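Protein chains in written order, with the numbering used here: chain A, 8 to 221; chain B, 8 to 221; chain C, 430 to 656; chain D, 430 to 656.
Data block below; observations after.
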Amino acid sequence: MQALSKEDMARRVARDIPDGAYVNLGIGMPTQVANYVSDDRHVIYHSENGILGVGPAPAPGEENPDLINAGKQFVTLLPGGCYFDNADSFAMMRGGHLDIAVLGAFQVSASGDLASWATNDLSEPPAVGGAMDLAVGARRLCVLMKHCTRDGEPKILPECEYPLTGKGVVNRIYTDLAVLDVTDSGLRVVELVGDNTLEQVQAVTGAPLLPPES
Amino acid sequence: MQALSKEDMARRVARDIPDGAYVNLGIGMPTQVANYVSDDRHVIYHSENGILGVGPAPAPGEENPDLINAGKQFVTLLPGGCYFDNADSFAMMRGGHLDIAVLGAFQVSASGDLASWATNDLSEPPAVGGAMDLAVGARRLCVLMKHCTRDGEPKILPECEYPLTGKGVVNRIYTDLAVLDVTDSGLRVVELVGDNTLEQVQAVTGAPLLPPES
Amino acid sequence: MINKIGSSMAEAVSVVKDGDVVMIGGFGSSGIPLELIEALRRHAPKDLTIISNNAGVAEEGIASLLRDGLVRKMMCSFPRSKGSVWLQKRYKEGSIEFELVPQGTLGERIRAAGAGLAAFYTPTAYGTLLAEGKETREFNGRGYVLETALHADVALIRGEKGDAWGNLTYNTAGRNFNPSMATAARTTIAEVKQIVEVGDLDPEAVVTPGIFVDTVVLQEGLLDASA
Amino acid sequence: MINKIGSSMAEAVSVVKDGDVVMIGGFGSSGIPLELIEALRRHAPKDLTIISNNAGVAEEGIASLLRDGLVRKMMCSFPRSKGSVWLQKRYKEGSIEFELVPQGTLGERIRAAGAGLAAFYTPTAYGTLLAEGKETREFNGRGYVLETALHADVALIRGEKGDAWGNLTYNTAGRNFNPSMATAARTTIAEVKQIVEVGDLDPEAVVTPGIFVDTVVLQEGLLDASA
């Protein structure tokens with residue numbers, strides 16, 4: 008089977024970000040999506056710690072210690088951007104003002120349940136951050152993740168085995184093998200990477216897949 | 008019986024405003040209290056429409072149409088003052104951040120119930136504004152009003168006859184005849200105006216008065 | 430290019446449909462989007478629900494909408510001001526529904542809608558007529574009233590400066606309900622005194638981030654023209 | 430003269446008593462009142478409940494309070510960062526109570542306390558482990574969780590500029606939890622980089638009005654001195 012590189016996965020998500028969208032990119036791979044959104048799309052990035060209009064990384068030596076993104080990386084502000092406090096930032100997230108959020112995930116269920124913050128390992132203190140607020144609040148929630156775990160186990164399942172981030176919140180899943188939509192009738196294939204067949208992708212997917220709409 | 012003028016009533020309240028207090032003065036007679044707070048008291052006035060540090064009226068011709076107080080009079084801002092929106096302003100009021108509010112009233116009950124926004128006349132649309140928020144939120148709620156109605160009826164009653172602004176919210180009542188505290192045992196006289204006797208003031212008060220604490 | 434600058438007041442308010450819930454900013458005479466209201470009056474949608482702190486004075490602002498019979502329901506905290514007549518008239522003749530909401534509760538219900546909260550418990554109005562029929566509950570021995578989020582189809586607000594991203598500042602106490610209303614409507618239209626270049630507003634001093642604003646319209650002297 | 434300028438970090442934090450609930454501003458490495466935390470560590474009250482978004486990294490900030498055994502309970506949304514060890518250690522040895530709160534719920538609970546609200550219904554965490562044991566309710570067919578206000582005895586926050594009235598501005602994303610925490614504590618102490626004259630701050634750009642602040646302390650290089 009053909010599998011996209013991490014870069015190509017981010018590139019694929021970037022293609023679907025429309026001009027003028029307000030977008031929140033989760034920590035890790037989702038953050039990379041911004042690198043592939045073409046310059047003619049005037050996308051405004053939100054960072055949960057209180058920024059709209061997040062710009063690229065600063066030049067070395069020009070970092071402002073207080074100006075970081077949710078992943079604690081130094082960033083800059085675009086002209087037209089602004090700052091606000093936590094209450095206002097999460098009002099934006101929870102209140103349905105962001106057009107798109109892209110999050111990583113451990114598991115996604117057939118009905119769009121998202122598990123992204125905790126495994127069943129209770130030896131470490133759990134961390135959730137703003138993921139649950141994004142999950143319920145973004146108008147459109149996209150997951151960007153590898154189709155399977157490192158051990159080859161499916162991450163797309165009938166029901167999540169890990170604690171949920173949100174119930175029935177995911178709209179679309181981008182993986183290295185395919186793009187899937189969560190629909191009322193189940194997971195529908197939007198596209199398959201390269202020459203991958205539905206049967207091949209189904210074989211590494213825990214939940215039934217519907218063929219692309221013709 | 009001796010009765011204070013409106014000016015002297017406002018002057019009496021002003022005497023009790025401590026240095027450095029955050030104070031909200033209600034529309035009407037309470038607004039006049041600020042005129043009598045001596046300059047060595049650095050009182051910060053709050054206006055519900057979104058001002059801290061309300062200053063005196065502007066010079067003629069220097070009015071800013073947007074810079075008004077809750078009574079819709081033109082005001083100025085003192086150095087150190089600032090502006091904020093309705094949500095933040097009422098967070099200050101309801102959240103217990105104001106030291107003192109002074110409100111007018113139609114009636115006050117023996118247990119500190121306040122009736123200040125509506126009579127039992129339902130022919131006019133009622134108006135409440137921010138009075139209910141101040142009533143529950145100010146750390147100390149003082150009422151400034153005439154002791155009796157124009158017809159000589161008592162305004163201090165066992166129970167209010169008019170709709171309440173808040174239940175058990177009043178701490179002190181300043182009238183033209185006396186100053187009264189609402190206590191767990193009832194209304195206690197703090198002071199009587201001039202040579203007024205407890206019996207005289209009691210005769211025009213609907214609820215029993217306790218003598219001053221010695 | 431993100432460009433939220435609207436071409437005219439008339440076009441901006443043309444999104445308002447019959448039966449819409451419309452929030453209108455302002456407190457007393459301060460921070461009212463008077464030109465947007467005038468454009469709305471001329472657009473003349475019917476059966477509106479208007480949510481605003483006051484109800485206009487004389488023939489101005491919301492009073493003109495009440496006079497023209499565009500309003501089915503009015504929600505506010507303080508409908509009477511010196512010189513206001515139309516709310517009283519419509520109220521007395523029973524031709525409009527009127528709901529009185531304490532000012533802080535009105536503002537907090539609007540904020541809750543914008544912040545994605547369904548409801549909250551406030552101490553305001555507990556034990557009073559304005560809490561009658563509402564759910565109440567004690568927390569730590571004190572009484573609270575359950576109040577729900579208040580959403581709108583359209584919010585008409587007034588800023589001082591605005592840019593093409595929709596960022597807004599206000600003039601002094603002209604903020605009042607404008608910033609929270611901007612967050613609570615499906616469509617938010619801001620009337621501004623001045624349009625500035627994107628990047629000209631101090632990012633530390635933007636009061637309403639552009640994400641909450643759909644259209645920014647420069648004042649065009651609509652009221653002078655109608656006089 | 431209203432003068433909220435404190436004479437030293439040490440004196441400012443001396444109000445914190447054993448068993449107090451202390452809110453501490455900051456997100457990641459941004460907007461943390463590091464000098465106030467260091468002064469608190471030296472003051473060394475016991476059995477503190479600390480409410481903050483994170484739990485410090487290495488030996489810095491809140492991590493130093495955890496290391497020194499001053500913390501009985503920690504509430505935060507994201508305790509683990511690259512290089513954080515002490516929260517994990519105290520958690521694994523079972524020597525502290527730990528409560529995980531989704532970030533938006535944490536912030537909104539703090540705001541509710543400052544705004545005098547008892548509780549609110551949020552959709553966040555509905556149907557998840559973090560809502561277990563909590564009251565839930567449907568509004569318009571959607572599930573919500575009841576969350577209560579979160580008050581503190583003392584809030585330690587960090588501003589950029591402050592004045593003697595307690596007015597504060599912040600540096601870019603250094604705002605984060607600082608403005609809401611300022612409203613939710615009986616005593617709020619702000620560490621600032623610069624103290625300016627009353628009247629120097631633009632009244633349109635004050636982020637935390639002085640009413641919410643009790644003491645403003647200029648950074649004094651406490652961490653350099655301890656190095």
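Heads up, the beta-carbon is just placed ideally off N, CA and C, and yes, glycines get one too.
Predicted model, so just to flag it, every value in this text is computed and none were measured.
Quick one, which of the options has its alpha-carbon nearest residue i's?
i               : options                           : result
G533 of chain C : B:M139, B:I24, B:A112 and B:T212  : B:M139
P161 of chain B : B:A125, B:A112 and B:A134         : B:A112
L553 of chain D : D:D592, D:R571, D:A547 and D:F641 : Looking at the sequence provided, one finds Thr at residue 553 of chain D rather than Leu. Answer by Cα proximity: D:R571.
V50 of chain A  : A:I58, A:A28, A:A64 and A:E70     : A:A28
E649 of chain C : C:D449, C:L463, C:G454 and C:I453 : C:L463
S524 of chain D : D:M430, D:A542 and D:G498         : D:G498
P219 of chain B : B:V211, B:G213 and B:G193         : B:G193
A619 of chain D : D:M610, D:A544, D:T644 and D:G490 : D:T644
S221 of chain B : B:V200, B:R195 and B:D202         : B:R195
F91 of chain B  : B:V197, B:L74, B:V40 and B:G103   : B:L74
L59 of chain B  : C:A602, C:V627 and C:G639         : C:A602
G543 of chain D : D:A487, D:N596, D:A613 and D:T557 : D:A613
N31 of chain A  : A:N93, A:L171, A:V176 and A:E55   : A:E55
Got a sec, what are the start and stop residues for the alpha helix (DSSP H) residue i sits in?
i               : result
Q209 of chain A : L205 to A210
V20 of chain B  : K13 to R22
G533 of chain C : Q532 to G543
F97 of chain A  : N93 to R101
L463 of chain C : L463 to H472
L516 of chain C : W515 to K521
Provide the residue(s) that pair with residue i in DSSP beta bridges, ordered along the chain.
i               : result
N31 of chain A  : A:H53 and A:A108
R571 of chain D : D:F568
I163 of chain B : B:V115
D188 of chain B : B:R179 and B:R195
A122 of chain B : B:Q114
T83 of chain A  : A:G62
I434 of chain C : C:V645
S510 of chain D : S510 of chain D is not bridged to any residue.
G173 of chain A : A:L121
Hey, could you find the ends of the beta strand (DSSP E) residue i is sitting in?
i               : result
A622 of chain C : According to the sequence displayed, residue 622 of chain C carries Lys and not Ala. It spans A614 to I624 - the beta strand (DSSP E) in which K622 of chain C sits, taken as one unbroken run.
A584 of chain C : A581 to G591
Y501 of chain D : Contrary to the premise, residue 501 of chain D reads as Arg rather than Tyr in this sequence. Segment V500 to C505, the beta strand (DSSP E) holding R501 of chain D.
L74 of chain B  : L74 of chain B -> no beta strand (DSSP E), and no H or E assigned at all.
V486 of chain D : Note, V486 of chain D: premise wrong, no beta strand (DSSP E); not H, not E.
M452 of chain C : V450 to I453
For residue i, which three-state DSSP category applies?
i               : result
A656 of chain D : With a pLDDT of only 46 at A656 of chain D, under the threshold of 50, the placement of this residue in the model should not be trusted; the figure read from the coordinates follows. Coil at A656 of chain D, not helix or strand.
M610 of chain C : helix
V40 of chain A  : helix
Y550 of chain C : strand
R48 of chain A  : coil
T478 of chain C : strand
V150 of chain A : strand
E526 of chain D : strand
L495 of chain C : helix
G88 of chain B  : strand
E576 of chain D : strand
A214 of chain A : coil
V739 of chain D : Not covered by the structure: residue 739 of chain D. The range shown for chain D is 430 to 656.
M139 of chain A : helix
G62 of chain A  : strand
L558 of chain C : helix
I640 of chain D : helix
L597 of chain C : strand
**Asked** Is there contact between the segment 102-121 of chain A and the segment 493-509 of chain D, where contact requires at least three CB pairs shorter than 8 Å?
**Response** no
**Prompt:** Touch check for the segment 183-203 of chain A and the segment 27-45 of chain B: three-plus C-beta pairs under 8 Å?
**Reply:** no
**Request:** Could you tell me whether the segment 589-609 of chain D touches the segment 574-581 of chain D, where touching means 3 or more Cβ pairs closer than 8 Å?
**Result:** No, the segment 589-609 of chain D is not in contact with the segment 574-581 of chain D.
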